[in-house]
Structures are given as structure tokens and as C-alpha cells.
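Residue numbering for the sequence shown follows the working numbering, beginning at 618 and increasing consecutively.
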Amino acid sequence: MKRKVELLAPAGSIASLKAAISAGADAVYIGGQKFGARAFAKNPETEDLLAGISYAHLYGKQIYLTVNTLIKERELEEFREFLTPYYEAGIDGVIVQDLGIVKLIHEEFPGLPIHASTQMSLTTKYGAQLLKDYGLTRIVPARELTLEEVREIKEAVDIELECFIHGAMCVGYSGQCLFSSMLGGRSGNRGACAQPCRLPFSLGDNREQTLISMKDMETLHLIPQLIQAGVVSFKIEGRMKSPDYVYQVVKIYRKYIDLYLASPQQYQVAKTDVKSLQSAYRRRGYSNGYYKESQKGSMLSLNRPEGKLEEVIEAQEIPEKKITCTGIITIRSGQEICFRVSSGGSEATVYGVVPSPAMNQPLSAAAVEKRLKKTGNTPFVFAHIQVDLDEGLYLAMGALNEIRRIALKSLKNNLLDCYLREQEWFSKRTPRTLAVNEKAPVVKSQSQINLIHVSTKAQLEAALSLDRDQQLIGTEAVLSGAEEKGYLELPIIFRPSRQKQVALKQLEKYRGVYIHNLDELAYLKENGYQGEIIASPRLYTFNEYAVSFLKAQGVDVLSYPLELNRHELRDLNTPMVLMVYGRIPLMVTAQQVTLTEGELVDRYQKKFPVKNSDKYCYNVIYNSAILSLLKETEALSRLSPQGFLYYFTGEEGEEVREVLLGNEAQTGPGVDYTKGHWNRGV
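Written out as C-alpha cells, the structure is:
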């Protein structure tokens, strides 16, 4: 009988995959050697992963492949080749962040279920509905959602919801964090996050604490409420952890999910199980995540605990499950022996040698059954074998061994055949490929635009004073009185349950809107917005498929992503807006980092400004260095972007004027400038 909910376990290796299945997982998510968000896990090679897919399917379990990184234009052919063998082997779904990869898989890998990764930071029914309409079968919403917000999405959209129930938590909205990328070149969007959020910071008072380090999540007591909210898949984090950890955590959650499904009224969590669960890994304590809390500091671990942070579970022998099967063997005089085996709705029938008359001791049914039940290191175990035997016959034991081997191999193949697919993308398309040193063709922009993001009235007035052809971006308060010249900036994170709905009639006053996420795009589309839509760099366009996806959904102007270098930007055929000046937002977090706007100071005395947005319930941490490409005139000319973005945050009016005149603002001693990923990329 199919369970109401799915227990989804992490697997950073084939050993962890087997441990998860042994502990009772219904499904496993795992990455290959490329394109997964855990680049440093012990991800299996192709042949091993194909064997892992077969292993999961033999036990009737689902297996999902993580391809949840942003993928560059010149990597698309490699991605197709990477995914093809897993698609053909019957992978049950792919977890995807990149909207371009969503489009590519949807078009070229028919029938493959696509799950929206939590890296998409989806927070509303609008984004969920847009993706469902596009063909996605499941979304993993942002971990910052409350239980009520999860329920609202499920009630509004008939799509599967997969939610985290245990493990490490990012302090920033997943996919919206460039902290590791900008500081050290290790991009979380490319699976290589160095976790700078776990390091100590101060608030300028020289008192260092781990101010943006989250406790781990544990939700045993919330299992009933999550099921009632309509969550279909309960996801455990931990692809970097050991098979022993996976086995213990899965086993405990299996116990309690089954307990609730069997007898909801008797659901009660034993303290000993909570202790066992939390002692399996000691990092910085546990919380229930955001399901019952919002911005409470209880989810943060402000001080590094004493001793080594590690798994403390002792290594144990993990039992390997066996597949139960039954058999009927017929041994008749003058006929080939026949062995029929069956399991899970599949069966196989094989024939062997003809038995001979017994010279001394004839075969007995008990001896035949005993021999055939010796399944050894195969995944099968016989629950019952019926022996239909004529008297007075003889067979060598090797003949019984051989027929059992062939029968079980055939049964295994038959159990797996129903999962197999054929992929023919290579014969149906003409790929656009770029050699390593080849320059992509440049499509010249017909008219270049200047986008000026202003955060204060003083910045607005400074920009207007230059009397140039420019398009202003700002909030309702900042643009007040200059609406006809500006684009209204919608919040970085769009959560209608925490704010007033965007009044569409109010938007008519502006030239258009500046959006940051898929939820906003879907909201505008669903409500028939007809104005111009400009997308910020947060709507990632690492490849032309992503460009095509967003254009088809109604975006008029796109922005180049901040993590591609100048050569990779030229791989994109579509001219977009390029950010050439400003502090890059490194992290968006639901946690209130500072009580008032201030700055985080790291161990090198670098200062990271923090802006609180009480209205929209999020906080933004900006880079300590200011991005400036103002002197890259020749390279900018070769790129030929659609326009430039000047992103002002804390600058004074005169500093704004200087930058717009082509000079770097003099913002005081110790201010650093950076070219970001313009040269290095990720």
C-alpha cells in the first residue's frame, strides 16, 4: 500500500543510499559528479550511481537526482550528456534550481518529473502555480515559511510539496546568497559554498559571536501538523554526513511517521528518541525551524560550542534489506526443469537441464528447497518455494544453483525494465556549441538604457539633477513625486502573508516594476499586469534557456547574473542590463541580524552593512567592498549590454553625482572596490 507521505533521505554516497533504504526511507535524493549543490560530498561516479538507481528500484523506492546548480551556456551539452544515462535508467525525478534547465529538461527529456529546488526560494502560491502550469510536479519551498504559509500554498495549488524536517539550515534564503561566492569564489549556486555564515562576526563592539549561524532543525513533534498541512514529502538534510547518521535519523523519523499514520490520536514522542536524534550530530543545537517561529533569535547559535563539531554517532553494522520473493520449481521425468520466481508484481520463468533417473539417493523436495533458498549475496530472499517433484529423479546441485542464478537475474531485470526510458535528443536537434576560446556572437543592443537604483530622496534628487536619459528604480517612499520617471522596486522576498498585497492600480503610476523573484513575476502575470517588467540579477540567467523561459513569462528587460565572468557573459546571445556600480547584496535573511541598521564586522575588520526591512520581514547584508566596473570601458564596449545598472545604497547625493559622471565615489578611508566576478567567475 502506498503511504500518504514520503520519507526522503539524503545520500552523499552509495553507502548512504543503502543505509537510508535499510532504515525505511521511501525515497532518496543523491547527486552525481556534476551539477549538484553538494560538490564536496562523496558523489558516486556514473556506473556506481546507475547501480544505485537499480538498487533503489529493486526495493520499490524512488530516487531523485540533484541537478540544482546554475549551469552556464557552454555547459549545456555536457549537462545533456550527464543526464542522459540516468534518464534512460529511470531516475524518478530531478531537483532543479536553474529555470533554463527546467525548460531544457521539459523539452528534451519527456516524462521526467521536475522538482523545483529550495534554491528557487519560492514563497507563494503564485510561483507554485506558474511552475505547475509549466509541467513541474513538485516544489521545495523556502525553508523560511511558516506552517500556515505551507498550508496556504497546498490549498491553493494542486502540486506536491516537499519540506525539510531535519538537518542543517542556511541563515539566508537559499539561492539568494552570494556571501561565499563574492568573498572566496566558492559559489553556493554552484555547489561549493564555504559557509562563511558559520564564522564569528561582531557588531562593531569587538565582541565576536557567530551572529549568523543557525541551529539545526528537528521536527519530531511537528510531524502530525506537517502531514495535516498537506506536505507529501518529508526531507532530511545531510548529503555530507555518514551512512551511520543517515541510518539513525531515517529510522527514528520512519517510526514516528508510521506511528501517526497508524494511530493519529495516540501520537506521542518519547524523550529518549529526541535525545537520540539530537545526539547523532552536535553542531550548535536544534530548533523547529520556521514552522512555528519567525524571526526569533532562538534559531541562531551565537556562540561556538566547546570541542570538535562532528557526528558523534558510533559506527554500526547497518543491515541490508532483502527483497522477498516466491518460487515454484517443477522437476518432471523427461522434461527440462522449470523455475518460476515472482516478486512485486513481476515474475520470471526459466528452464534448465533434464533430470536423470536416480542411481542411488533420489532428490527430495526438502533438499531442492534448501538448495534454492541459498541466495547468497543477491538482493533476494525466498519466503516460500513450492517444489513439484517426480519421484526417483537425480540432479546435480550445480544445476539447481545455475537455474536459481538465472531466474533471479531475470527477475531483477524484469523488475527494472518498467523504469527504463529511451533518450533521442541527440538525433533531434542541432546544438549550439562554443569552443573554449571561441567568442560568442554579439547581438548589438538597439538602444542602451541606464538604470539608477536609489535608496534615499537625496540620491533621487542627485540623479534627477543631472538631467540625463535614465530610468530610476526605488521603493514607493523614495519615488514619491517622481513616479512617472521610475520603476517601482518590489521586495526582494515576496510573502503576501507578511505584507499588504501589491496594489495593481498603484502600479499604473510608474513606468514599470523592478522584480527580484519568480513569485512576483507570477503574481503580476496572474493579475493581468500590462506594464513593463525589469528583472534584477536575482532572476538568474546563466544560459539562453533561462533567458527564453523568463522572456516567455513576460519579462521585458533582463539583468546579467553577478557570478559570470566577462567571457561567460559574452556566451549569452541576449543583451541584458549589467550592474557596473554598487554594493552587492550578499545575503537575504529572515533573521534580524541587528536591531537597527548597522554593520557586521568580520575577523579581518571588513565591514558589511546591514539593512533591515521591517515592512517585508527580511534583512539584507551587503558586501564590504563596492563593485565598480566604471573603468572597464573597452571590455564593456565589447560586451555591448542592453544597459547599465547603478545600485546606490548608502551613498550621499554628491557621491551619486560623481559615480554617474564616471568616477568612483570617495566614500571615506578604508573603502574597498572590487570587480566582483568580472574576471574570475565561479
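For every residue, glycine included, the Cβ atom is placed at its ideal position computed from N, Cα and C.
As the structure is a computational prediction, the values presented were derived from the model and not from experiment.
*Among 943, 952, 845, 1259, which has the Cα closest to the Cα of residue 621?*
Here residue 621 corresponds to residue number 4 of the sequence shown, with the count starting at 1. Checked all of 943, 952, 845, 1259; the closest Cα to residue 621 is 845.
_Looking at residue 1265: is its Cβ nearer than 8 Å to the Cβ of residue 1273?_
Here residue 1265 refers to the residue found at position 648 when the sequence shown is read from its first residue. Here residue 1273 refers to the residue found at position 656 when the sequence shown is read from its first residue. Yes, the pair counts as a contact, with Cβ atoms nearer than the cut-off.
*Between the C-alpha atoms of residue 791 and residue 1075, what's the straight-line distance to the nearest angstrom?*
In the sequence shown, the residue the question calls residue 791 occupies position 174. In the sequence shown, the residue the question calls residue 1075 occupies position 458. CA-CA distance, residue 791 to residue 1075, rounds to 33 Å.
*Considering only C-alpha positions, which residue in the set 1296, 1241, 795, 1278 is nearest to residue 1082?*
To locate residue 1082, count along the sequence shown from 1; it is residue 465. Closest by alpha carbon: 1278.
_Tell me the rounded alpha-carbon separation between residue 1156 and residue 773._
Counting from one through the sequence shown, the residue named residue 1156 turns up at place 539. Counting from one through the sequence shown, the residue named residue 773 turns up at place 156. Rounded to whole angstroms, residue 1156 to residue 773 spans 24 Å at the Cα level.
*Can you tell me which of 866, 836, 862, 920 puts its alpha carbon nearest to the alpha carbon of residue 885?*
Taking the sequence shown and counting its residues from 1, one reaches residue 885 at position 268. Comparing Cα positions, the closest option is 836.
*asked:* Can you find the residues in the same chain that come closer than 6 Å, C-beta to C-beta, to residue 1191, ignoring five residues on each side of it along the sequence?
replied: Here the question's residue 1191 lines up with position 574 in the sequence shown. Closer than 6 Å at Cβ, skipping near neighbours: 1164.
_Own chain partners of residue 702 with C-beta closer than 7 Å, once the 5 adjacent residues on each side are dropped_ = Against the sequence shown, residue 702 aligns to sequence position 85. These residues qualify, in order along the chain: 663, 667.
_Close Cβ partners of residue 968 (< 6 Å) along its chain, the five nearest in sequence each way excluded_ = Your numbering for residue 968 matches position 351 in the sequence shown. Contacts found: 953, 955.
*Answer with buried or exposed for residue 1289, where buried requires no fewer than 16 other C-beta atoms within 10 angstroms of its C-beta.*
On the sequence shown, residue 1289 is found 672 positions in, with the first residue counted as 1. Label assigned to residue 1289: exposed.
*Straight-line Cα distance separating residue 629 from residue 858*: Position 241 of the sequence shown, counted from the start, is the residue given in the question as residue 858. Position 12 of the sequence shown, counted from the start, is the residue given in the question as residue 629. Using only the alpha carbons, I get a separation of about 7 Å.
*Does the distance from the C-beta atom of residue 1176 to that of residue 1193 stay below 8 Å?*
For this step, residue 1176 is matched to residue 559 along the sequence shown. For this step, residue 1193 is matched to residue 576 along the sequence shown. Yes, Cβ-Cβ distance for residue 1176 and residue 1193 is below 8 Å.
*What distance in whole Å lies between the Cβ atoms of residue 744 and residue 1135, which are believed to be in contact at a cut-off of 8 Å?*
Within the sequence shown, numbered from 1, the residue matching residue 1135 stands at position 518. Within the sequence shown, numbered from 1, the residue matching residue 744 stands at position 127. Between residue 744 and residue 1135 the Cβ distance is about 5 Å, and since that is below 8 Å, they are a contact.
*Please report the residue range of the alpha helix (DSSP H) in which residue 888 lies.*
Numbered from 1 along the sequence shown, position 271 holds the residue referred to as residue 888. Where residue 888 is concerned, the enclosing alpha helix (DSSP H) stretches over 888 to 896.
*Among residues of its own chain, excluding the 5 on either side of residue 1280, which ones have a beta-carbon nearer than 6 Å to its beta-carbon?*
The residue you call residue 1280 lines up with position 663 of the sequence shown. Answer for residue 1280: no residue qualifies.
*Does DSSP put residue 1236 in a helix, in a strand, or in coil?*
Working through the sequence shown from its first residue, we reach residue 1236 at position 619. Residue 1236 falls in the strand class under three-state DSSP.
*With distances taken between CB atoms, is the gap from residue 860 to residue 782 smaller than 8 Å?*
Numbered from 1 along the sequence shown, position 243 holds the residue referred to as residue 860. Numbered from 1 along the sequence shown, position 165 holds the residue referred to as residue 782. Not in contact: residue 860 and residue 782 (Cβ atoms no closer than 8 Å).
*Evaluate the contact criterion for the stretch 804 to 813 versus the stretch 740 to 758: three or more CB pairs, one atom per stretch, below 8 Å.*
no
*Report the rounded CA-to-CA distance for residue 748 versus residue 1002, giving the unit in angstroms.*
As a first step, residue 748 is located in the sequence shown; it is residue number 131 there, counting from the start. As a first step, residue 1002 is located in the sequence shown; it is residue number 385 there, counting from the start. Rounded to whole angstroms, residue 748 to residue 1002 spans 49 Å at the Cα level.
*Just the C-alpha distance for residue 1087 and residue 1294, rounded to the nearest angstrom, thanks.*
Within the sequence shown, numbered from 1, the residue matching residue 1087 stands at position 470. Within the sequence shown, numbered from 1, the residue matching residue 1294 stands at position 677. Using only the alpha carbons, I get a separation of about 26 Å.
*Go through the stretch 1181 to 1221 residue by residue and report every complete run of the alpha helix (DSSP H) that reaches 4 residues or more, in order.*
1183 to 1187
*Reducing DSSP to helix, strand and coil, say where residue 1260 ends up.*
For the purposes of this step, residue 1260 is taken as the residue at position 643 of the sequence shown. Looking at residue 1260 - three-state DSSP - the assignment turns out to be strand.
*In whole angstroms, what separates the C-alpha of residue 1201 from that of residue 799?*
Residue numbering aside, residue 1201 sits at position 584 when the sequence shown is read from its first letter. Residue numbering aside, residue 799 sits at position 182 when the sequence shown is read from its first letter. Whole-angstrom Cα-Cα distance: 9 Å.
_Short of 7 Å in beta carbon distance, which residues of its chain neighbour residue 1269, apart from the five on each side in sequence? Order them along the chain._
If you number the sequence shown from 1, residue 1269 lands on position 652. Result list for residue 1269: 1075, in chain order.
*Taking the alpha-carbon positions, what's the residue 1168 to residue 1130 distance?*
Taking the sequence shown and counting its residues from 1, one reaches residue 1168 at position 551. Taking the sequence shown and counting its residues from 1, one reaches residue 1130 at position 513. Taking the straight line from one Cα to the other gives about 15 Å.
*Under 8 Å between C-beta atoms of residue 1229 and residue 1209*: Here residue 1229 refers to the residue found at position 612 of the sequence shown. Here residue 1209 refers to the residue found at position 592 of the sequence shown. For residue 1229 and residue 1209, yes; Cβs fall inside 8 Å.
*Just grab the DSSP bridge partners of residue 964 for me.*
As a working mapping, residue 964 is identified with position 347 in the sequence shown. Note: residue 964 sits in a beta bridge opposite 959.
_Cβ distance (whole Å) where residue 863 is taken to contact residue 644 below 8 Å_ = Residue numbering aside, residue 863 sits at position 246 when the sequence shown is read from its first letter. Residue numbering aside, residue 644 sits at position 27 when the sequence shown is read from its first letter. 13 Å between Cβ atoms; not a contact.
*At which residues does the alpha helix (DSSP H) containing residue 1070 begin and terminate?*
Numbered from its first residue, the sequence shown carries residue 1070 at position 453. Per DSSP, residue 1070 belongs to no alpha helix (DSSP H); it is in the beta strand (DSSP E), 1066 to 1070.
*Would you check if there are 3 or more beta carbon pairs closer than 8 Å linking the stretch 1147 to 1156 to the stretch 757 to 765?*
no
*Limits of the beta strand (DSSP E) - the one that residue 833 falls within*: By 1-based counting over the sequence shown, the position of residue 833 is 216. Start and end: 833 to 835.
_Buried versus exposed, by CB contacts within 10 Å (16 or more), residue 1014_ = Position 397 of the sequence shown, counted from the first residue, corresponds to residue 1014. So residue 1014 ends up on the exposed side.
*asked:* Just to confirm the assignment, what range does the beta strand (DSSP E) spanning residue 1245 have?
replied: Here residue 1245 refers to the residue found at position 628 when the sequence shown is read from its first residue. Counting along the chain, the beta strand (DSSP E) containing residue 1245 begins and ends at 1243 to 1245.
_Between which residues of its own chain and residue 961 is the CB-CB distance below 7 Å, once the five residues before and five after are set aside?_
Locating residue 961 in the sequence shown gives position 344, counting from the first residue. Only residues of its own chain outside the window of five on either side were considered, and among them 677, 1032 have a CB closer than 7 Å to the CB of residue 961, listed in chain order.
_Given this structure, state the Cα-to-Cα distance separating residue 825 from residue 672, to the nearest angstrom._
By 1-based counting over the sequence shown, the position of residue 825 is 208. By 1-based counting over the sequence shown, the position of residue 672 is 55. Looking at the two C-alpha atoms, the distance is approximately 48 Å.
_For residue 683, count the other beta carbons within 10 Å of its own beta carbon; 16 or more makes it buried, fewer makes it exposed. Which is it?_
By one-based count along the sequence shown, residue 683 stands at place 66. So residue 683 ends up on the buried side.
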